[in-house]
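Those protein sequences? They're chains A and B, same order as listed.
So the first sequence is residues 1 to 320, counted in our numbering.
So the second sequence is residues 1 to 236, counted in our numbering.
We put the CB at the ideal spot given by N, CA and C, even for glycine.
Read through the structure below, which is laid out as structure tokens, and then see the notes.
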Amino acid sequence: MIEVQNVTKYYGNFRALDNISFSVAKGEVLGLLGPNGAGKTTAMRILTCFLPATSGTATVAGYDVFEDSLEVRRRLGYLPETPPLYPEMTVKSYLRFIADIREVPAKLQRERIDKVVVRTGLGDHLDRVIGTLSKGFRQRVGLAQALLHDPEVLILDEPTVGLDPNQIIEIRGLIQDLAADHTVILSTHILPEVSMTCKRVVIINEGRIVAVDTVENLEGKSGQASRYKICLKPVGLDWKSTIESVPGARVEHERVDGELVRFDLALPPEGGYEAVFKAVVAKGHVFTEITPARASLEEVFLRLTRTEEGAAGAERKVAA
Amino acid sequence: MKILAILRKELQTYFYSPAAYIVFASFLLVVGYLFWVVLIASKVANLEPLLYNAAFILLLASPVLTMRLISEERRTNTIELLLTSPISPVEIVIGKFLACFLLYLILIVLTFQYPAILHTYAQNLDWGPIISGYIGLILLGAAYIAFGLFASSVTENQVISAMLTFGGLLLFWIVGWTKNVLDNVYGDALSRLSLLERYSEFLKGMVDSGNVVFFLIFTITWLFVATRVLESDRWR
Numbered sequence: 001m002i003e004v005q006n007v008t009k010y011y012g013n014f015r016a017l018d019n020i021s022f023s024v025a026k027g028e029v030l031g032l033l034g035p036n037g038a039g040k041t042t043a044m045r046i047l048t049c050f051l052p053a054t055s056g057t058a059t060v061a062g063y064d065v066f067e068d069s070l071e072v073r074r075r076l077g078y079l080p081e082t083p084p085l086y087p088e089m090t091v092k093s094y095l096r097f098i099a100d101i102r103e104v105p106a107k108l109q110r111e112r113i114d115k116v117v118v119r120t121g122l123g124d125h126l127d128r129v130i131g132t133l134s135k136g137f138r139q140r141v142g143l144a145q146a147l148l149h150d151p152e153v154l155i156l157d158e159p160t161v162g163l164d165p166n167q168i169i170e171i172r173g174l175i176q177d178l179a180a181d182h183t184v185i186l187s188t189h190i191l192p193e194v195s196m197t198c199k200r201v202v203i204i205n206e207g208r209i210v211a212v213d214t215v216e217n218l219e220g221k222s223g224q225a226s227r228y229k230i231c232l233k234p235v236g237l238d239w240k241s242t243i244e245s246v247p248g249a250r251v252e253h254e255r256v257d258g259e260l261v262r263f264d265l266a267l268p269p270e271g272g273y274e275a276v277f278k279a280v281v282a283k284g285h286v287f288t289e290i291t292p293a294r295a296s297l298e299e300v301f302l303r304l305t306r307t308e309e310g311a312a313g314a315e316r317k318v319a320a
Numbered sequence: 001m002k003i004l005a006i007l008r009k010e011l012q013t014y015f016y017s018p019a020a021y022i023v024f025a026s027f028l029l030v031v032g033y034l035f036w037v038v039l040i041a042s043k044v045a046n047l048e049p050l051l052y053n054a055a056f057i058l059l060l061a062s063p064v065l066t067m068r069l070i071s072e073e074r075r076t077n078t079i080e081l082l083l084t085s086p087i088s089p090v091e092i093v094i095g096k097f098l099a100c101f102l103l104y105l106i107l108i109v110l111t112f113q114y115p116a117i118l119h120t121y122a123q124n125l126d127w128g129p130i131i132s133g134y135i136g137l138i139l140l141g142a143a144y145i146a147f148g149l150f151a152s153s154v155t156e157n158q159v160i161s162a163m164l165t166f167g168g169l170l171l172f173w174i175v176g177w178t179k180n181v182l183d184n185v186y187g188d189a190l191s192r193l194s195l196l197e198r199y200s201e202f203l204k205g206m207v208d209s210g211n212v213v214f215f216l217i218f219t220i221t222w223l224f225v226a227t228r229v230l231e232s233d234r235w236r
């Protein structure tokens, strides 16, 4: 549905995007993740035909964003970082204006407006002047605007920014709803949001893609020693030496809890949990709890964006 | 359809804010005052001084009407909405132009009371120069608004947009004075660009096709440039 190939974008001498490529399948929800200033908005603006790429190509639904911009724009719903609202208009007149410029046929306009109003929970606010709405409601109007013409592709730039926790949950639910029949790209720097709404994630840092993967894989693929939280009922005192006899295995943070011991088992990247568990059981110790502690997305994110920092930063200054 | 949507939205915006009402009120107040003063002083049923003054007052007023048309879209980033919608810069520019021009026409129609008053009290009122003067005033308005729309497209600051319009229009207004200073082909060429020179001929009762075409070309040129400025966002 969306193909981005070797896209580079310069603002003057500043390289905002450096040769990024990714694709989004029909019906997929892709998260664009990265710290502020990483290039998320620039990437979205290129996809929505608002900015041209310096080099590289991008297509949406088979249409090139530069050559066939009109066809692309017909198929897009876009919520920019700040919702593009006219503060002096009422919600109703605003949505009617959007329906007109987004080519919703006159006959269908009322029905479409009713539908998005229900979906975004704006029912009681139709006659309010947009300038008097709270931030959360403005965000909803912005979202309603993006959904109005029932586009195939939705591009949402930080859709939950500035909302309170209840609203965030509502908007996330809405996005999950939309995922059923839309292709969605959403950007965020809030990590839990990604694991809740997206199947796949593109992590961008300083204009480069540092990882493209499913949320599950990223969480599993911490690269650090895999860890287990363990609770053991030992039969003797040799449990610790039994575990540490396996090469690379270490016991950390151990504490005694009645007749049980709780500790973290740290294993080398190549694994080795089988050898450890077999050795422990062979000695007659009893496991009461084994919890694999996967790296959180936060840790993956920090590691990926930090290791890149030094090298990429130095190179970017040289680029002209 | 999409042009109509833009037109309707712009008209709504004019009347939601006090700007349009204030422009209307101050224009009518000043024009009414001038009508009275000139009529009492000269005791001649002649609308030419009024139409001449109205054109200059509109030169001052039109930047206020045009300054926000595109600048405000840039400042509030709603330009991102327009440019990512399936609507072309040409449609945006024409829709906005028509909205402002319609407002201008309403303003002009409101001054019809003055020839009506003259008609009531004067015998043998010469309608020719009045009608040609109004044709000139309408064409002049299109030129003002097209230039203002261009000025509004290049900046996100309404004040800069208004000053640019005011300065540019004033220059086009008085550029004909060169003909008194430069007694050569340049002086002549510059005076042909003058809005004042062209408009004066309408006031004398002449609807010269050359002058009509000049105003139309002037209008279309600036609308075209405004369109290109908007489009350039997409390939810059």
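Give me whichever residues DSSP pairs with residue i in a beta bridge.
| i | result |
| --- | --- |
| S23 (chain A) | A:E3 |
| K229 (chain A) | A:D264 and A:T291 |
| E252 (chain A) | A:D264 |
| R75 (chain A) | In DSSP, R75 (chain A) forms no bridge with anything. |
| T214 (chain A) | A:R200 |
| F14 (chain A) | A:Y11 |
| L186 (chain A) | A:G31 and A:L156 |
Could you tell me whether any Cβ in chain B is nearer than 9 Å to the Cβ of residue i?
| i | result |
| --- | --- |
| I98 (chain A) | yes |
| S187 (chain A) | no |
| E103 (chain A) | yes |
| A225 (chain A) | Here the model assigns A225 (chain A) a pLDDT of 49, short of 50, so the residue's position is not dependable and the matter cannot be decided. |
| F14 (chain A) | no |
| P87 (chain A) | yes |
| P247 (chain A) | no |
| F137 (chain A) | no |
| T59 (chain A) | no |
| S134 (chain A) | no |
| T82 (chain A) | yes |
| R73 (chain A) | yes |
| F22 (chain A) | no |
| Y273 (chain A) | no |
| S55 (chain A) | no |
| L108 (chain A) | no |
| T48 (chain A) | yes |
| S222 (chain A) | Its pLDDT being 48, under 50, S222 (chain A) is placed unreliably by the model, and the measurement read from it follows with that caveat. No, because no Cβ of chain B sits closer than 9 Å to the Cβ of S222 (chain A). |
| L17 (chain A) | no |
Quick check on the DSSP output: the beta strand (DSSP E) that includes residue i runs from which residue to which?
| i | result |
| --- | --- |
| P52 (chain A) | It is not in any beta strand (DSSP E) - P52 (chain A) carries neither H nor E in the DSSP assignment. |
| G284 (chain A) | Element bounds for G284 (chain A): n/a, residue is neither H nor E. |
| L33 (chain A) | V29 to L33 |
| E88 (chain A) | No beta strand (DSSP E) holds E88 (chain A); DSSP gives it neither H nor E. |
| T205 (chain A) | For the sequence presented, residue 205 (chain A) should be read as Asn rather than Thr. Where N205 (chain A) is concerned, the enclosing beta strand (DSSP E) stretches over R200 to N205. |
Compare the C-alpha of residue i against each of the options and name the closest.
| i | options | result |
| --- | --- | --- |
| S17 (chain B) | B:S26, B:K43, B:F27 and B:L65 | B:L65 |
| Y86 (chain A) | B:Q123, B:I70 and B:F224 | B:I70 |
| A61 (chain B) | B:G210, B:I131 and B:V23 | B:V23 |
| A144 (chain A) | A:L122, A:I130 and A:D257 | A:L122 |
| V251 (chain A) | A:L260, A:L267, A:Y94 and A:G173 | A:L267 |
| L302 (chain A) | A:N205, A:H182, A:T291 and A:D238 | A:N205 |
| T111 (chain B) | B:L125, B:I92, B:G133 and B:I94 | B:G133 |
| L133 (chain A) | A:P83, A:E152, A:E111 and A:P151 | A:P83 |
| P247 (chain A) | A:R110, A:D213, A:A211 and A:A275 | A:A275 |
Just checking: is the beta-carbon of residue i within a distance shorter than 9 Å of some beta-carbon in chain A?
| i | result |
| --- | --- |
| S191 (chain B) | no |
| T120 (chain B) | no |
| L82 (chain B) | yes |
| I174 (chain B) | no |
| T227 (chain B) | no |
| S88 (chain B) | yes |
| K2 (chain B) | yes |
Name the two residues that bound the continuous alpha helix (DSSP H) containing residue i.
| i | result |
| --- | --- |
| N166 (chain A) | P165 to A179 |
| D188 (chain B) | V185 to R192 |
| V93 (chain B) | P89 to L110 |
| I70 (chain B) | R68 to R75 |
| E10 (chain B) | K2 to Y16 |
| V159 (chain B) | Q158 to I174 |
| D114 (chain A) | A106 to T120 |
| A244 (chain B) | Examination of residue 244 (chain B) is not possible in this model, given that chain B is present from 1 through 236 alone. |
Assuming residue i and residue j form a contact by the criterion Cβ under 8 Å, report the distance between their Cβ atoms to the nearest whole angstrom.
| i | j | result |
| --- | --- | --- |
| Q176 (chain A) | T197 (chain A) | 6 Å |
| L59 (chain B) | W173 (chain B) | 6 Å |
| L203 (chain B) | L51 (chain B) | 6 Å |
| E32 (chain A) | K40 (chain A) | According to the sequence provided, residue 32 (chain A) is Leu. The question's Glu does not apply to it. About 5 Å separates the two Cβ atoms, so the contact holds. |
| L232 (chain A) | F287 (chain A) | 6 Å |
So that I know if they touch, is there some Cβ in chain D lying closer than 9 Å to that of residue i?
| i | result |
| --- | --- |
| T155 (chain B) | The structure shown contains no chain D; its protein chains are A and B. |
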